[in-house]
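Enquirer: Protein chains in written order, with the numbering used here: chain A, 5 to 415; chain B, 5 to 415; chain C, 5 to 415; chain D, 5 to 415.
Using N, Cα and C, we set each Cβ at its ideal position, and we do this for glycine too.
Source: prediction; values computed, not measured.
Protein chains: 4
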Amino acid sequence: MSDAPKKVVLAYSGGLDTSIILKWLQTEYGCEVITFTADLGQGEELEPARQKAELLGIKPENIHIVDVREEFVRDFVFPMFRANAVYEGQYLLGTSIARPLISQHLVKIAQQHGADAVAHGATGKGNDQVRFELSAYALDPAIRVIAPWREWDLTSRTKLIEFAEKHQIPIAKDKRGEAPFSVDANLLHTSSEGKALEDPAAEAPEYVYQRTTSPEDAPDTPEYIEIGFDKGDAVSIDGQAMSPATLLAALNEYGRKHGIGRLDFVENRFVGMKSRGIYETPGGTILLEAHRGIEQITLDAGAGHLKDSLMPRYAELIYNGFWFSPEREMLQAAIDKSQEHVTGTVRLKLYKGSATTVGRWSDHSLYSEAHVTFEDDAGAYDQKDAAGFIRLNALRLKLLAARNARVRQAD
Amino acid sequence: MSDAPKKVVLAYSGGLDTSIILKWLQTEYGCEVITFTADLGQGEELEPARQKAELLGIKPENIHIVDVREEFVRDFVFPMFRANAVYEGQYLLGTSIARPLISQHLVKIAQQHGADAVAHGATGKGNDQVRFELSAYALDPAIRVIAPWREWDLTSRTKLIEFAEKHQIPIAKDKRGEAPFSVDANLLHTSSEGKALEDPAAEAPEYVYQRTTSPEDAPDTPEYIEIGFDKGDAVSIDGQAMSPATLLAALNEYGRKHGIGRLDFVENRFVGMKSRGIYETPGGTILLEAHRGIEQITLDAGAGHLKDSLMPRYAELIYNGFWFSPEREMLQAAIDKSQEHVTGTVRLKLYKGSATTVGRWSDHSLYSEAHVTFEDDAGAYDQKDAAGFIRLNALRLKLLAARNARVRQAD
Amino acid sequence: MSDAPKKVVLAYSGGLDTSIILKWLQTEYGCEVITFTADLGQGEELEPARQKAELLGIKPENIHIVDVREEFVRDFVFPMFRANAVYEGQYLLGTSIARPLISQHLVKIAQQHGADAVAHGATGKGNDQVRFELSAYALDPAIRVIAPWREWDLTSRTKLIEFAEKHQIPIAKDKRGEAPFSVDANLLHTSSEGKALEDPAAEAPEYVYQRTTSPEDAPDTPEYIEIGFDKGDAVSIDGQAMSPATLLAALNEYGRKHGIGRLDFVENRFVGMKSRGIYETPGGTILLEAHRGIEQITLDAGAGHLKDSLMPRYAELIYNGFWFSPEREMLQAAIDKSQEHVTGTVRLKLYKGSATTVGRWSDHSLYSEAHVTFEDDAGAYDQKDAAGFIRLNALRLKLLAARNARVRQAD
Amino acid sequence: MSDAPKKVVLAYSGGLDTSIILKWLQTEYGCEVITFTADLGQGEELEPARQKAELLGIKPENIHIVDVREEFVRDFVFPMFRANAVYEGQYLLGTSIARPLISQHLVKIAQQHGADAVAHGATGKGNDQVRFELSAYALDPAIRVIAPWREWDLTSRTKLIEFAEKHQIPIAKDKRGEAPFSVDANLLHTSSEGKALEDPAAEAPEYVYQRTTSPEDAPDTPEYIEIGFDKGDAVSIDGQAMSPATLLAALNEYGRKHGIGRLDFVENRFVGMKSRGIYETPGGTILLEAHRGIEQITLDAGAGHLKDSLMPRYAELIYNGFWFSPEREMLQAAIDKSQEHVTGTVRLKLYKGSATTVGRWSDHSLYSEAHVTFEDDAGAYDQKDAAGFIRLNALRLKLLAARNARVRQAD
């Protein structure tokens, strides 16, 4: 095959599917395979991935296992949370935001090794293929991306297992049959979709939830925490400073315990179909509520309303895979500009599935008790100003009403 | 006073403050006062308002007590919920949406009676004055609006009580002192603000909540309900058809019981200051979740994303008092257009403060299991199409990356 | 070929390229071909298309030649002009808006004839393929669309000519060689692109312009016309009522004469590349200016600003081929709502390339000389209101400035 | 008057009206007046303003005459042009953009002198009062702004003249009567409005235009110029580097000569009324066209479309006086981010009222002849990709059409 890639960097989890891909790349293209396995906080040991890669014939210098948790939270999750980004009103974009980081590493490793292609294990029906590939192309326009699921003829579980057996790929016992649903996980969230969840009318069974206690089983007593923010990013819990990934991990633990951050959702994929997913974003859900809480007192109305109006587009860009695009960077510049004073502390109540802001304070607060008070405000605000304010705001409405009446009469 | 109004229609609750206004209008302007008292579902008897008005010398034919609950939900609340409107990310606009209805009635009654002015009891610091007045001017450009709180010198509780005593206005015992906070209520929500709540750092005490059980005291067992929708509006609960107001009242009861719809919020008022409010929107919170749930399967992605991007502006217009404005009507036309197929049923789980969609189904569903399935899709979707889709979406990003590299190299 | 279409409706111009497509469909698929030739006002005789179709073996009952000019202007051009739609700041969308109409007819004829496919002559690099196909699929999800340019191997002029000669397709003398550029025309505009125009640095030669006099050759004396509008649509010129297509044709003649509506433009195609086009939109350019002129006095500020903010998205949807999409229809509903009072007359000056509004009047005018006058306004407007208006608009800015100063000092 | 200001910084033009204000401040408040006269490129000598201020008793150290032309263009005009900002589709914001600069100087001088107030000569009906005051309050929340036109009783020309005579203010002969219209000018534009122009149906007489040759009188031969851009800002004409103000002045001369940049416009003022203005923006009109021309080849589609959708809001903010607001700064951050590669050269044709881009080139160009060519593209673009691209874009439309047909059938 004359146009076969020579060296391919594969996003490798160590699981059965990407092991099959690894072997398929070797056999289909006769190419050298380099593996990249990221610790995104998915909660799995990565050393087995190394051993499995070696077993499949990957040279040690071609195996890259990288802890990207801090980078993930600092450079991807936190910037996104500055925007209060939710897709279609509810989804916190936990899968979407991890993909550009993975592509960034794949491309970097490809450049280091002089590889001519990268490969991923996303199917041809989903969003992840788009996110992986748009990011890769945006970072290296000459790179080639191989998506085996769109190319090969291993179109059933049986064929995959046969291929694995034929190539001596170890198969864990529970992987022989179909998984009841498919899972993606990282420090921000766990998503589950497919198969058992494909009927959007049927409630997801409890066993789908892997990361959060059921609200019914959560503690009967609320717990309170205080999250500190600096320029829009969370920096402490209960006064204790933490690195981004440490902080998100701690919030995940609070969220897990109190059953916070579950979402049963039907969304619109970029590729044109609707799909149903079960998401668990325990720490992220707390973080979103807290960020909104601190913005309430530190962000100006004009800035806040502009942010709110930009957010759906920003979230859509991330969902669709355009993290590395000029328009996402433009929106980020605007959002980051707004966060210069989003500094302070939020107090939250965690209880049986909910994280609720119950207090917020800041040296950067714009809240003025002097202005808002029902008591005597000592001249901070002249109520008579409101009369002029309203009259000028009403002027065009009056002119409209008069015009409409005039026209009606003339008809 | 030569430019004094002759006849004034007053938005009259029957409470102490609007009774003082009533009397003040009579004494200050020597004008005839007509009262309008609306049953918006605030949960108070209205006959006492009639008796009190009569006691204050209002002629029976000048007393208007109207049950506007169905009108309120059908013509104001439901159209707004079609938009999934939330102000500043969280507030369901329960006070804002009632004001234009009240003004509409004030203006209509004014025209019936040949009155030259309307009057309301909102203060000069809040949003309600703006909402009342913009609506009134938009409906009758020649109307005059009197806002006694911006005019009179009754600037302390003591002076108000003195005025009431001087004019034989009955004062309930618990009204002599300052109320600990101020309350507004209707079928959609109850808001509490001011005084005891003015410190946004301090958690609101439990006694502020008047309409919802505390989540901690809510039942330990979840309850499930099914809400039916037709063209974007809720029409049934558990298969039982209900009128708009009946349905919302029923949802309020579910929400009350399960502690759903509490919000502790600092918001940006249109008049330029931040204020803190405690909102309870039990039925509305359930309704919003359910409406999102039914849209998930019946609304197209393009329509949904457009709606999401228009929503913040729509919500801002309602918050700021521009219900009767051409731009709100334009947005409504767009939103209503999107709801033609938002028909079907949502199943929700209610539990200790949360209403969660757990299932949805519809004859109008756009969800296609045939397309999304992980199983063999019998040719519904050709995964190879995704390659072209991605490559063309990536083309501009590649051209950008190549350009940027070229420029960097040349520098 | 088992999955070959049986009957195909071809968008047929009668020119060499679509004649080759016609024959190719017959020979490649052995299918029955039905032709659709539209009079969109492109300024060519259509009877030759009929004769040529017959010559190529199309049965008379399979030849559809339809004058769609009124439909085109009334149902596509005018609704679009209500939005003042321009793509990327300057392009009036003359090609884009014709494509959905053609697809609509193709699909309708396919349904009449029981055809299983439609075909078009757009290439695989442009926007038109997208517009044709999205429209067709939106109107008939089961239809098949054949795009020969993406399928066949006639990839050079030489091969096309060979194919034509082999199949006795008549070739006009001037069609043997490469055309210096490619042209599309309809009642709204003429576009020229490709080959001789591919260097965006080089000024387009005068011979490219086919539909407008050069401004330098236009009359040395300005001409004035008055365009009447009713609900956002032009209905008369100089007081003479005209049908939509008649009116646009008349404006085209004015524009042609005065050299109005030329545009040399580099645009972003939906498929990801930039291309350079020369557009001539003589009547449309006058119409856009006039529509803006009448909106100036009849459209409210709130409505107008909302329209302005929606326009780029609306124009993008049309450019990208999403005329028949829910989101375009939502925007249209909003836009149409705004046009209810856009009724009146605009006076324009036409001179050497420019159409300029110089006067406008309307019974629906919102312009109030009483309010705006520098003279005594007899109390229409109280300048003191402006003080309150400004102070409340300034309040948040003051609170911000005070906060920022406070924080700076503390640092 | 106990709350009278002690020291006031007045925006002083040297003309009759601001001289009256100067004297009125002295007599009404007994305060010390400091004058600020800016050379904004309005084309008037400023030394007479100094002499007149001295004549009116201003101490030399209290007279500030500052050439702000470079600052005006560099820090205000150019940033705004990066956004292609036009208000309500057509107005280039020439007056709006000068006001924040003036307020910035007033506030700075007030702080230097320890003044407690600033004053301006804008009336209570217009936008300028809002722009002056919002800017001042945003820069110094403690400043007081005095707007004599909203306060005094000099409500007719006669009274003004009497006041001037009484206080020995020199009155130029042509200032005794009413001016036929009111004029504002700076390096970017000249606006004329009021009185003779108040009928929007009547064409503005030629004598209103002060800054541009009539297109009819402009040269019969086109002239070509080349404007160089660097990161979104114009930096050279015909290869000659120029400072911002020098460049704009040169463009003004080109525009004047060729009759470019006239606009007869009815706009919506922020204070709620419509007004008619005649604007002349000769250099700015050329600059806008040129900036669009260079963006055509250097700006990515995603960035460009986002910019287009943000522009109306950005322009509205500037028009309404919110230059110094967080939301304008957020938008500016996004816009500036987009301009990093907007570098290159545009060739324009100037002829009888029009400035037209006829060529553009850049080392930063994204235009790829290899991709767009009608000729063989050597594999740069695979036309088959378009099929998948279209099919996935169409998927949701097909699902919609199928759903709608299904529902129709069921009805």
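Are the C-beta atoms of A382 (chain B) and some chain F residue less than 8 angstroms apart?
Expert: This model lacks chain F altogether; the protein chains it does include are A, B, C and D.
Enquirer: If you reduce the DSSP assignment to three classes, tell me which class H368 (chain C) lands in.
Expert: coil
Enquirer: So, V149 (chain A) versus A121 (chain A), is the Cβ gap smaller than 8 angstroms?
Expert: yes
Enquirer: Does L354 (chain C) come within less than 8 angstroms of chain D when only Cβ atoms are used?
Expert: no
Enquirer: Anything in the stretch 386–401 of chain C with a Cβ closer than 9 angstroms to a Cβ of chain D? List those residues in chain order, please.
Expert: D386, Q387, K388, D389, A390, A391, F393, I394, R395, N397, A398, L399, R400 and L401
Enquirer: Are the Cβ atoms of E227 (chain B) and L354 (chain B) separated by less than 8 angstroms?
Expert: yes
Enquirer: When DSSP builds the beta bridges, which residues end up paired with D188 (chain C)?
Expert: BP columns for D188 (chain C) point to C:S195.
Enquirer: Which residues does DSSP pair with G19 (chain C) in a beta bridge?
Expert: Beta-bridge pairing links G19 (chain C) to no other residue.
Enquirer: With 16 other CB atoms within 10 Å as the buried threshold, where does T41 (chain A) fall?
Expert: buried
Enquirer: R78 (chain C) and R103 (chain C) - do their beta-carbons sit closer together than 8 angstroms?
Expert: no
Enquirer: Just the chain D side, please: which residues come within less than 8 angstroms of R364 (chain C) by C-beta, in chain order?
Expert: P204, A205 and V270
Enquirer: Please list, in chain order, the chain C residues whose beta carbon lies closer than 8 angstroms to that of E333 (chain B).
Expert: K341
Enquirer: For G34 (chain C) and A8 (chain C), what's the separation of their Cα atoms in angstroms?
Expert: 8 angstroms
Enquirer: So, for N131 (chain D): in the same chain, excluding its five sequence neighbours on each side, which residues have a beta-carbon less than 6 angstroms away from its beta-carbon?
Expert: Excluding residues up to 5 positions away in sequence, R273 and F274 lie with their Cβ nearer than 6 angstroms to the Cβ of N131 (chain D) in the same chain.
Enquirer: For my contact list, P204 (chain D) and G363 (chain C) are in at a C-beta cut-off of 8 angstroms; report their separation, rounded to the angstrom.
Expert: 7 angstroms
Enquirer: Pick helix, strand or coil for M5 (chain B), following the three-state DSSP scheme.
Expert: Only weak support is given to the placement of M5 (chain B): the predicted model assigns it a pLDDT of 46, under 50, and the value that follows is read from those uncertain coordinates. Of the three classes helix, strand and coil, the one that applies to M5 (chain B) here is coil, per DSSP.
Enquirer: Per the DSSP calculation, E284 (chain B) is bridged to which residue(s)?
Expert: B:T194 and B:R266
Enquirer: For T289 (chain C) versus L96 (chain C), is the C-beta spacing smaller than 8 angstroms?
Expert: yes
Enquirer: Just to confirm, does T41 (chain D) get its C-beta within under 7 angstroms of one of the non-hydrogen atoms of the ligand NAD?
Expert: This structure lacks the ligand NAD; in fact it carries no ligand of any kind.
Enquirer: Any C-beta of chain C sitting closer than 8 angstroms to the C-beta of L403 (chain A)?
Expert: yes
Enquirer: Starting from A168 (chain A), find everything on chain C with Cβ-Cβ shorter than 7 angstroms and list it in chain order.
Expert: Within chain C, no residue comes near A168 (chain A); the closest Cβ sits about 34 angstroms away, beyond 7 angstroms.
Enquirer: How about H117 (chain D) and K27 (chain D): are their beta carbons less than 8 angstroms apart?
Expert: no
Enquirer: Distance check for D367 (chain B) and I113 (chain C), CA to CA, integer angstroms please.
Expert: I113 (chain C) and D367 (chain B): Cα-Cα distance of roughly 30 angstroms.
Enquirer: Nearest CA to the CA of R180 (chain D): which residue from D:S160, D:L303, D:A337 and D:A249?
Expert: Relative to the Cα of R180 (chain D), the nearest Cα in the group D:S160, D:L303, D:A337 and D:A249 belongs to D:S160.
Enquirer: Using 8 angstroms as the threshold, is the C-beta distance between R73 (chain A) and A337 (chain A) below it?
Expert: no
Enquirer: Which first and last residues belong to the alpha helix (DSSP H) in which R135 (chain C) is found?
Expert: D132 to L143
Enquirer: So what does H68 (chain A) bridge to, in DSSP terms?
Expert: A:F40
Enquirer: Along chain B, which residues have their Cβ under 7 angstroms away from the Cβ of A421 (chain C)?
Expert: In the structure as shown, chain C begins at 5 and stops at 415. Residue 421 (chain C) is therefore absent and cannot be evaluated.
Enquirer: Would you grab the beta carbon distance between I173 (chain D) and S23 (chain D) for me? Rounded to a whole angstrom, and I think it's under 8 angstroms.
Expert: 5 angstroms
Enquirer: Return no unless some Cβ of chain C is closer than 8 angstroms to the Cβ of E220 (chain D).
Expert: yes
Enquirer: I'd like the span of the beta strand (DSSP E) that includes K63 (chain C), first residue to last.
Expert: Looking at the DSSP string, K63 (chain C) is not in any beta strand (DSSP E), and its letter there is neither H nor E.
Enquirer: Please go through the same chain and pick out, in chain order, the residues whose beta-carbon is closer than 6 angstroms to the beta-carbon of L50 (chain D), but skip the five residues on each side of it.
Expert: T41, D43 and I69
Enquirer: Using the three-state DSSP reduction, which class does G276 (chain C) fall into: helix, strand or coil?
Expert: coil
Enquirer: So what does DSSP say about S100 (chain A), is it helix, strand or coil?
Expert: helix
Enquirer: From what residue to what residue does the beta strand (DSSP E) around A123 (chain B) run?
Expert: A121 to A123
Enquirer: Measuring only the C-alpha atoms, how far is Q413 (chain D) from A406 (chain D)?
Expert: 11 angstroms
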